[in-house]
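Trainee: Here it is, the structure in full.
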Amino acid sequence: MQLFTSCCGKGFEGKKKVETEPARKIFSLKELHSATNSFNYDNKLGEGRFGSVYWGQLSDGSQVAVKRLKAWNSREEIDFAVEVEILSRIRHKNLLSVRGYCDEGQERLLVYDYMPNLSLVSNLHGQQYSGECSLDSTARIKIAIRTAQALAYLHNHVVHGDVRASNVLLDSEFEPRVMDFGYGKLMPDDDEATKARSNNGYLSPECVASGKESEAGDVYSFGILLLELVTGKRPIERLNATTKRGITEWVLPLVYERKFGEIVDQKLEEEKVEEKLKKLVLVGVMCVQTEAEKRPTMSQVVEMLMNESKEKMSELEANPLFKNPCREESSDVISEEQQ
Numbered sequence: 001m002q003l004f005t006s007c008c009g010k011g012f013e014g015k016k017k018v019e020t021e022p023a024r025k026i027f028s029l030k031e032l033h034s035a036t037n038s039f040n041y042d043n044k045l046g047e048g049r050f051g052s053v054y055w056g057q058l059s060d061g062s063q064v065a066v067k068r069l070k071a072w073n074s075r076e077e078i079d080f081a082v083e084v085e086i087l088s089r090i091r092h093k094n095l096l097s098v099r100g101y102c103d104e105g106q107e108r109l110l111v112y113d114y115m116p117n118l119s120l121v122s123n124l125h126g127q128q129y130s131g132e133c134s135l136d137s138t139a140r141i142k143i144a145i146r147t148a149q150a151l152a153y154l155h156n157h158v159v160h161g162d163v164r165a166s167n168v169l170l171d172s173e174f175e176p177r178v179m180d181f182g183y184g185k186l187m188p189d190d191d192e193a194t195k196a197r198s199n200n201g202y203l204s205p206e207c208v209a210s211g212k213e214s215e216a217g218d219v220y221s222f223g224i225l226l227l228e229l230v231t232g233k234r235p236i237e238r239l240n241a242t243t244k245r246g247i248t249e250w251v252l253p254l255v256y257e258r259k260f261g262e263i264v265d266q267k268l269e270e271e272k273v274e275e276k277l278k279k280l281v282l283v284g285v286m287c288v289q290t291e292a293e294k295r296p297t298m299s300q301v302v303e304m305l306m307n308e309s310k311e312k313m314s315e316l317e318a319n320p321l322f323k324n325p326c327r328e329e330s331s332d333v334i335s336e337e338q339q
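Here the sequence shown is numbered in the UniProt record's numbering, starting from 1 and rising by one per residue.
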C-alpha cells in the first residue's frame with residue numbers, strides 16, 4: 001500500500017478492499033498473438049498516444065481490446081507489472097480498468113474488456129468501425145456527466161494527462177468508460193509524441209508550454225471534449241490546405257451572441273436541442289479558460305452539469321465570462337464620449 005500512495009501522490013481509501021482484490025491476469029504473448037491473429041491489421045481498432053489497439057477473442061470466447069505499447073522506456077527502472085497492478089486498483093464504473101497484461105521480451109501489452117460501441121470519436125466523427133452513428137442529446141449529456149464523474153474520482157489519485165474523445169469508450173449501453181489514465185509514467189513522451197499532442201487541440205496552453213500534466217490541464221481537455229460533444233466537430237478543423245481552426249475560435253463568438261442553435265451539431269434535429277445542450281457549452285467554455293487558476297475543478301464541473309435548478313442555470317448564464325469583451329469595451333468608449 002505504501003507503494004500505491006507514493007505513486008499516486010494521495011492515499012487510497014478502503015485499504016482492506018484494495019488488498020483483497022485479485023491481481024490482474026498475466027497473459028502469455030502466444031495467447032495474445034492467437035487472440036488478435038498476430039496483431040493483424042484487420043483487427044486494428046485504432047492508435048493512440050501509447051500504442052496501437054487490436055480487437056481480439058480469447059480461447060474462452062470473450063472479446064478483448066489489446067493495447068500494444070510503443071517502445072519500452074529504458075530511461076528508468078520501472079516494474080511494469082507493479083505499475084499496472086497499482087493503476088488497476090483505481091476503480092470506478094466509468095473508468096476502463098486493465099483486465100490483464102503481458103510482459104515478455106520487448107513486448108508490453110495491456111488487455112481490456114472490449115467495448116462494442118467503440119470510442120466517442122468513432123461515434124461523433126463516423127470512423128470506419130462505427131458507421132454513421134449519431135448520438136442524441138440525451139446520450140451526449142449522459143456521456144458528459146459520467147465522464148466528468150470518472151475524472152473527478154480519478155483526480156483523487158492521479159492526473160489523466162490525455163483526456164480526449166478517443167480515450168472515452170462506450171459500452172453496449174453507451175455508458176462511457178475512460179481509459180489510458182496514469183500511463184504517462186510508463187510511457188514518457190518523446191519529442192515527436194509531444195509535438196503531436198500539442199497539435200491535437202486538447203492540450204491547455206500551459207501544458208503545451210511546459211509539457212507537464214496537471215489536474216487543471218485535464219479540466220481544459222475536458223472542456224474541449226464538451227464542445228466536441230455538443231458541436232460534433234473535431235477540436236481542430238482544417239478549413240483549407242493552409243488554414244486550421246480551433247473549436248473555441250468559432251464557438252466563443254457564438255456564445256457571446258447567444259446563438260446556441262448554430263453551435264449544436266446540425267445532425268441533431270430534436271426539438272429545443274440547443275436548450276438541452278446549452279449548459280454543456282457554457283461549462284465547456286468555463287473549462288477552457290486560458291488561465292489555469294480560473295478553471296473549475298472536475299468536482300465543480302460535475303456539480304454544475306448535474307444541477308438542474310433554473311436558479312443555478314441563470315447564475316451560470318449571467319457569468320461575466322460569457323459577455324463579449326469587445327462589446328464591453330465599445331460600451332465603455334460610448335459611455336465616456338457621452339460624458
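We put the beta carbon where it would ideally sit given N, CA and C, even for glycine.
What you are looking at is a predicted structure, and each value in this text was computed from that prediction instead of being measured.
#1: Within 10 Å of its beta-carbon, does V82 have 16 or more other beta-carbons around it, so buried, or fewer, so exposed?
#2: Less than 8 Å between the CB atoms is what I'm expecting for V285 and A152, so what's the real figure, rounded?
#3: Given that a residue counts as buried once 16 or more other Cβ atoms are within 10 Å of its Cβ, and exposed if not, what is D42?
#4: G131 by DSSP, collapsed to three states: which one?
#5: Among the candidates T243, N324, V219, whose CA atom is the shortest distance from the CA of Q300?
#6: Could you name each continuous beta strand (DSSP E) segment of 3 residues or more that falls completely within the region 150-184, going from the start of the chain to the end?
#7: Three or more beta-carbon pairs under 8 Å between the region 34-48 and the region 61-70, yes or no?
#8: Going by DSSP, what residues sit across from S137 in a beta bridge?
#9: According to DSSP, is F69 part of a helix, a strand, or is it coil?
#10: With DSSP collapsed to three states, give me the class of E47.
#11: Among the candidates I90, D103, M298, K278, whose CA atom is the shortest distance from the CA of S137?
#12: Exposed or buried, which one is E228 when buried takes at least 16 other CB atoms within 10 Å?
#13: Would you please state the rounded distance, in angstroms, between the beta carbons of E107 and L29? I believe it to be under 8 Å.
#14: Per DSSP, what kind of secondary structure is residue 340 in: helix, strand or coil?
#15: Assign L305 to one of three DSSP states: helix, strand, or coil.
#16: Between the beta-carbon of V53 and the beta-carbon of G61, is there less than 7 Å?
#17: Within this structure, are the beta carbons of G105 and K25 separated by less than 7 Å?
#18: For residue 385, count neighbouring Cβ atoms within 10 angstroms of its own Cβ and tell me buried if that reaches 16, exposed if not.
#19: Quick one: using the 10 Å Cβ neighbour count with 16 as the cut-off for buried, is A150 buried or exposed?
#20: Rounded to whole angstroms, what is the Cα-Cα separation between residue 369 and P325?
#21: Out of L95, E271, K44, L268, which has the shortest C-alpha to C-alpha gap to H155?
#22: Could you tell me whether the Cβ atoms of E213 and G161 are closer together than 7 Å?
#23: Alpha carbon to alpha carbon, how far is N167 from D180? Give it in angstroms, no decimals.
#24: For my contact list, T231 and V255 are in at a C-beta cut-off of 8 Å; report their separation, rounded to the angstrom.
#25: Run through DSSP, which three-state label would R108 get?
#26: Please name the residue or residues paired with S62 in a DSSP beta bridge.
#27: According to DSSP, what are the bridge partners of S119?
#28: Should K323 go down as buried or exposed, given a rule of 16 or more other Cβ atoms within 10 Å for buried?
#29: So is G261 buried or exposed if we call it buried at 16+ other beta carbons inside 10 Å?
#30: N117: buried (16+ other C-beta within 10 angstroms of its C-beta) or exposed?
#31: Closer than 6 Å by C-beta to E204: which residues in its own chain qualify, once you throw out the five before and the five after it? Chain order, please.
#32: Suppose you measure from the CA of C102 to the CA of K276; what does that come to, to the nearest Å?
#33: Below 8 Å CB to CB, which residues in the same chain sit around E293 once its five sequence neighbours on both sides are set aside?
#34: Would the beta-carbon of G182 fall within 7 Å of that of L87?
#35: How about L280 and L225: do their beta carbons lie closer than 7 Å?
Mentor: On the basis of the supplied data:
#1: exposed
#2: In fact, because the Cβ distance is near 19 Å, the residues do not count as touching under 8 Å.
#3: Flag for D42 reads exposed.
#4: With a pLDDT of 45 at G131, under the threshold of 50, the modelled position of that residue is not reliable, and the figure given next carries that caveat. Residue state, collapsed to three classes: coil.
#5: V219
#6: 168-170, 176-178
#7: yes
#8: Beta-bridge pairing links S137 to no other residue.
#9: Here residue 69 turns out to be Leu, not Phe, going by the sequence shown. Strand at L69.
#10: strand
#11: K278
#12: E228 is buried by the Cβ-count criterion.
#13: About 6 Å; that satisfies the 8 Å criterion.
#14: The structure shown has nothing for residue 340, since the chain only spans 1 to 339.
#15: helix
#16: no
#17: no
#18: For residue 385 there is no data in the structure shown, the boundaries of the chain being 1 and 339.
#19: buried
#20: Look at the range of the chain in this structure, 1 to 339, and you will see that residue 369 is not part of it.
#21: L95
#22: Contact: yes.
#23: 7 Å
#24: Going by Cβ atoms, the distance from T231 to V255 rounds to 12 Å, so no, they are not a contact pair.
#25: strand
#26: Answer is none; S62 lacks a bridge partner.
#27: Paired residue(s): L169.
#28: Exposed is the call here.
#29: exposed
#30: buried
#31: According to the sequence provided, residue 204 is Ser. The question's Glu does not apply to it. G217, Y220, listed in sequence order.
#32: 45 Å
#33: Only residues of its own chain outside the window of five on either side were considered, and among them A216 have a CB closer than 8 Å to the CB of E293, listed in chain order.
#34: yes
#35: no
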